[in-house]
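As structure tokens, the structure follows; a few thoughts come after it.
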Amino acid sequence: MKAIITTAYGSPEIFTVDKVAKPTAKPNEVLIRIHASSVTKADTMMRTGKPYVGRLMLGLTKPKNPIWGTGFAGVIEHVGSEVTQFIPGDKVFGESLDTMGTYAEFLALPENGILAKMPDNLSFEEAACMGDGGITSLNFLCNLGNIKSGQKVLINGASGSLGTAAVQIAKHFGAEVTGVCSTKNIQLVKELGADHVIDYTNNDFVSNKNTYDLIYDTVGVRSFAECKDALTESGIYASPVLGMPLMGDMMRTSMFGKKKAKFSATGALPAKETKRLLDILIDIIEAGNMKGIIDRSYPLDEIVDAHRYVEKGHKKGNVVLKPVG
Numbered sequence: 000m001k002a003i004i005t006t007a008y009g010s011p012e013i014f015t016v017d018k019v020a021k022p023t024a025k026p027n028e029v030l031i032r033i034h035a036s037s038v039t040k041a042d043t044m045m046r047t048g049k050p051y052v053g054r055l056m057l058g059l060t061k062p063k064n065p066i067w068g069t070g071f072a073g074v075i076e077h078v079g080s081e082v083t084q085f086i087p088g089d090k091v092f093g094e095s096l097d098t099m100g101t102y103a104e105f106l107a108l109p110e111n112g113i114l115a116k117m118p119d120n121l122s123f124e125e126a127a128c129m130g131d132g133g134i135t136s137l138n139f140l141c142n143l144g145n146i147k148s149g150q151k152v153l154i155n156g157a158s159g160s161l162g163t164a165a166v167q168i169a170k171h172f173g174a175e176v177t178g179v180c181s182t183k184n185i186q187l188v189k190e191l192g193a194d195h196v197i198d199y200t201n202n203d204f205v206s207n208k209n210t211y212d213l214i215y216d217t218v219g220v221r222s223f224a225e226c227k228d229a230l231t232e233s234g235i236y237a238s239p240v241l242g243m244p245l246m247g248d249m250m251r252t253s254m255f256g257k258k259k260a261k262f263s264a265t266g267a268l269p270a271k272e273t274k275r276l277l278d279i280l281i282d283i284i285e286a287g288n289m290k291g292i293i294d295r296s297y298p299l300d301e302i303v304d305a306h307r308y309v310e311k312g313h314k315k316g317n318v319v320l321k322p323v324g
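The opening residue of the sequence shown carries number 0 in my numbering; numbering runs sequentially from there.
Written out as structure tokens, the structure reads:
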């Protein structure tokens with residue numbers, strides 16, 4: 000099969016397109032022909048091997064998994080002898096978090112992995128991106144933010160992968176949503192359901208004192224210290240971008256004060272919890288309250304261009320690879 004191979008950390012040019020052995024399904028696994036896989040900001044950060052602490056999981060001197068990628072959607076081609084939940088021909092989607100491998104034409108995954116049948120109202124491209132934007136934002140909004148109906152929630156970076164998912168999820172749970180984005184993305188964020196949209200090129204949301212029960216900074220560009228005054232008395236600041244300042248804020252706020260700073264490594268959650276979040280996400284999708292926003296699609300051969308584009312930080316929603324036409 001065709002796959003994207005990486006044997007070092009570095010720029011997008013480290014990727015090469017190669018022919019490798021097609022995986023085979025073990026008795027408890029399914030073999031999936033991939034129709035779309037996600038290319039995320041996290042992918043581009045992991046590719047560089049920075050921050051270096053990430054290499055403890057990815058590989059110290061080079062990636063331990065030569066085929067990159069986690070999010071996918073496709074069709075089951077073969078099932079192992081012990082598989083009972085799926086049959087050949089099922090359309091499925093999910094995340095390959097332990098072994099990665101979705102930048103390829105085929106993927107073998109355990110039946111009990113982060114895997115589910117695709118809702119009928121999703122395309123392959125949309126489904127491939129749900130693990131990154133959807134599951135991560137569910138984790139931050141529900142598990143960290145304890146989102147409730149009527150709360151005021153601000154989403155910084157509302158037009159990206161995490162942000163477009165978060166706007167829709169927050170609205171599903173009945174929150175009053177403010178999205179922060181650039182001028183060109185205001186209409187998109189409104190169409191996703193945001194009650195208010197702030198153009199960060201003209202206005203600064205941190206000047207809105209004592210306003211937000213939850214600030215979800217999907218892009219990690221505003222610190223807890225900057226956002227603190229904009230939070231309500233027991234407000235929560237949460238960001239998936241971990242750095243030393245956020246780590247310090249988390250330690251301090253865990254011991255002092257009612258306002259809290261929080262972080263979670265969604266990809267490191269126990270599989271049981273990730274599957275629970277996936278089930279919730281499917282319910283939201285099937286209720287018609289969630290759709291995937293696709294900015295661009297690239298064939299596998301153009302992986303370098305895909306990573307370059309994502310690194311620029313200006314994508315609307317998601318970027319996908321399409322191993323098949």
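Where is the CB? At the ideal position from N, CA and C, for every residue including glycine.
| query | result |
| --- | --- |
| Contacts around N184, its chain only, beta-carbon distance under 8 Å, and the 5 residues preceding and following it disregarded | A157, S158 and K315 |
| Cβ shell of V74 (< 6 Å), same chain only, five flanking positions each side left out | R32 and K90 |
| Span separating the alpha-carbon of A24 from that of D97 | 16 Å |
| Where N138 sits in the DSSP three-state scheme | helix |
| CB contact flag (L114, G291, <8 Å) | no |
| First through last residue of the alpha helix (DSSP H) which encompasses R32 | Taken as a continuous stretch (DSSP letters only), R32 belongs to no alpha helix (DSSP H), being part of the beta strand (DSSP E) at E28 to V38. |
| Bridge partner(s) assigned by DSSP for C226 | Paired residues: none, contrary to the question. |
| Which of helix, strand or coil DSSP assigns to D42 | helix |
| Cβ pair count under 8 Å reaching 3, the region 74-88 against the region 253-260 | no |
| Sequence-distant residues of the same chain with beta carbon closer than 6 Å to D300, five excluded per side | V16 |
| N111 classed as buried or exposed, judged by whether at least 16 other C-beta atoms fall within 10 angstroms | exposed |
| Closest residue to P65 among N209, K40, A35 and Y8 (Cα-Cα distance) | Y8 |
| Residue ranges of each beta strand (DSSP E) within the region 271-320, 3 or longer | 293-298 |
| Endpoints, the beta strand (DSSP E) within which L153 is located | K151 to N155 |
| Residue span of the alpha helix (DSSP H) that contains T163, given as start and end | S160 to H171 |
| Backbone secondary structure at E104 - three-state DSSP | coil |
| Supposed close pair A214, L153 - CB separation, criterion 8 Å | One detail in the question is off: residue 214 reads as Ile in this sequence, not Ala. Between L153 and I214 the Cβ distance is about 5 Å, and since that is below 8 Å, they are a contact. |
| Neighbour-count burial assignment, S206, 16 or more Cβ in a 10 Å radius | exposed |
| Opposing strand residues paired with C180 [DSSP bridges] | D198 |
| Straight-line gap, K147 to L140 (C-alpha atoms, nearest Å) | 9 Å |
| L55 versus A164: straight-line alpha-carbon distance, rounded | 29 Å |
| Distance CB(V188)-CB(V166) smaller than 8 Å | yes |
| Span of the beta strand (DSSP E) around T15 | T15 to K18 |
| Proximity to F262 [Cα-Cα], best of T273, D248 and E272 | D248 |
| Where T231 falls: helix, strand or coil (DSSP) | strand |
| Neighbour-count burial assignment, K40, 16 or more Cβ in a 10 Å radius | buried |
| Residue closest to M45, alpha-carbon to alpha-carbon, out of E28, T5, A35 and L268 | T5 |
| Q150 versus L137 - alpha carbon distance | 16 Å |
| Integer Cβ distance of V179 from I197, believed to fall under 8 Å | 5 Å |
| For N155 and D216, believed in contact at Cβ under 8 Å, the rounded distance | 4 Å |
| Under 8 Å between C-beta atoms of A0 and A103 | Per the sequence shown, residue 0 should be read as Met rather than Ala. Yes, the Cβ-Cβ distance between M0 and A103 is below 8 Å. |
| First through last residue of the alpha helix (DSSP H) which encompasses A94 | The sequence as given places Glu at residue 94; Ala does not occur at that position. Looking at the DSSP string, E94 is not in any alpha helix (DSSP H); the run it does join, the beta strand (DSSP E), is K90 to E94. |
| Beta-carbon proximity list for I13, same chain, < 6 Å, skipping 5 on both sides | T5 and A7 |
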